[in-house]
Amino acid sequence: MRKIAPSILSAYPLNLEDQISRIEKETEILHIDIMDGHFVPNLTFGPHFIKALKKRFDSLLLDVHLMVYRPETIMEWYLEAGADWVSFHIEANPHHHRYLMKIKESGAKAGLALNPTTSLCLLEPALPYVDFVLLLTVNPGFGGQKFIPEGLEKISRLKEMREKGGYDFLIEVDGGIKSSNIKEIFSAGTDIAVAGSAVFHGDPLKNLLELKEAAL
Ligand code: DX5
Ligand code: ZN
0 MRKIAPSILS
10 AYPLNLEDQI
20 SRIEKETEIL
30 HIDIMDGHFV
40 PNLTFGPHFI
50 KALKKRFDSL
60 LLDVHLMVYR
70 PETIMEWYLE
80 AGADWVSFHI
90 EANPHHHRYL
100 MKIKESGAKA
110 GLALNPTTSL
120 CLLEPALPYV
130 DFVLLLTVNP
140 GFGGQKFIPE
150 GLEKISRLKE
160 MREKGGYDFL
170 IEVDGGIKSS
180 NIKEIFSAGT
190 DIAVAGSAVF
200 HGDPLKNLLE
210 LKEAAL
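Shown next, in the form of structure tokens:
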């Protein structure tokens, strides 16, 4: 699979509805970063916002990336608000199995996210239970940062782990993805490439079509 998930973190907040509607027909997934000001040095969207997004853009899958400590205290709010995919950080809660199951029981897809220097070894025991893995290729918290190049090898290694184990989880990659590197990021084994500033800085539709072209 090769899909692009636009990340609305980089959209201009007062034009969000307009900017998302520009790309509505060209994407299936919207990536939404939830930040708590503790796990990452920034604050973003609450469940009320997800509910409004779901109502307005009901054909889009809402991919909610929880960059928060104690994600178990808030994940239910986002599930109830209409999140279709929910990922939490492996570094932010030690009870991975418990909360992956909780997300799945609600009917959503469950993912574990890893910061750039978190080892894949920590992820391995959870692989039978994840629907997707979200590999961060920048230090999370802000859009517009540079792709950390070691991410490429990590994507390939995760793909190998998936093949060896006979798993079918998806590999999603988040941070620093541009038209200049998207092709190699997909070639390394990425199924879903998150792109924030590369889509929303400028004309979102033109940018998304350019990214798709560059990914071929
Ligand atoms: C990083 C976020 C990303 C961010 C990516 O904290 O998790 O989803 O929006 O932005 P770009 O594509 O600009 O690196
Ligand atoms: Zn993200």
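So the sequence shown is numbered by numbering that gives the first Met the number 0: it starts at 0 and just counts up by one. Note that the Cβ used here is the ideal one computed from N, Cα and C, for glycine as well.
Cut-off 6 Å between Cβ atoms - residues of its own chain near I28, not counting five sequence neighbours on either side: A4, L60, D62
Mind checking who P5 pairs with in its DSSP beta bridge? A194
For the beta strand (DSSP E) containing K24, list its first residue and its last residue. Note, K24: premise wrong, no beta strand (DSSP E); not H, not E.
Around the ligand ZN, what residues have a beta-carbon under 5 Å from a heavy atom of it, in chain order? D32, H64, D173
For E71 versus N92, is the C-beta distance shorter than 8 Å? yes
Should R21 be labelled buried (16 or more other beta-carbon atoms within 10 Å of its own) or exposed? buried
Straight-line gap, R161 to I181 (C-alpha atoms, nearest Å): 21 Å
Report yes or no: do three or more beta-carbon pairs, one from the stretch 131 to 148 and one from the stretch 164 to 174, lie closer than 8 Å? yes
Residue closest to K158, alpha-carbon to alpha-carbon, out of H94, I176, A107, T189: T189
CB-CB under 7 Å to N206, same chain, minus the five flanking residues each way: which ones, in chain order? A197, V198
Cβ neighbour criterion (16 or more within 10 Å) applied to N14: exposed
Proximal residues to V193 (C-beta, below 6 Å), its chain only, five neighbours per side dropped: A4, S6, H30, D173
Between H30 and the ligand FMN, is there a pair consisting of the residue's CB and a ligand heavy atom that are separated by less than 7 Å? With respect to small molecules bound, the structure shown includes the ligand DX5 and the ligand ZN and not the ligand FMN.
How many Å lie between A10 and S118 at the Cα? 31 Å
At a cut-off of 7 Å, is V193 close to the ligand DX5 when judged by its beta-carbon and the heavy atoms of the ligand? yes
Does the beta carbon of L111 fall short of 7 Å from some heavy atom of the ligand DX5? no
Does the beta carbon of G142 fall short of 7 Å from some heavy atom of the ligand DX5? yes
Could you check whether L8 and D35 sit closer than 8 Å to each other, using their CB atoms as the reference points? no
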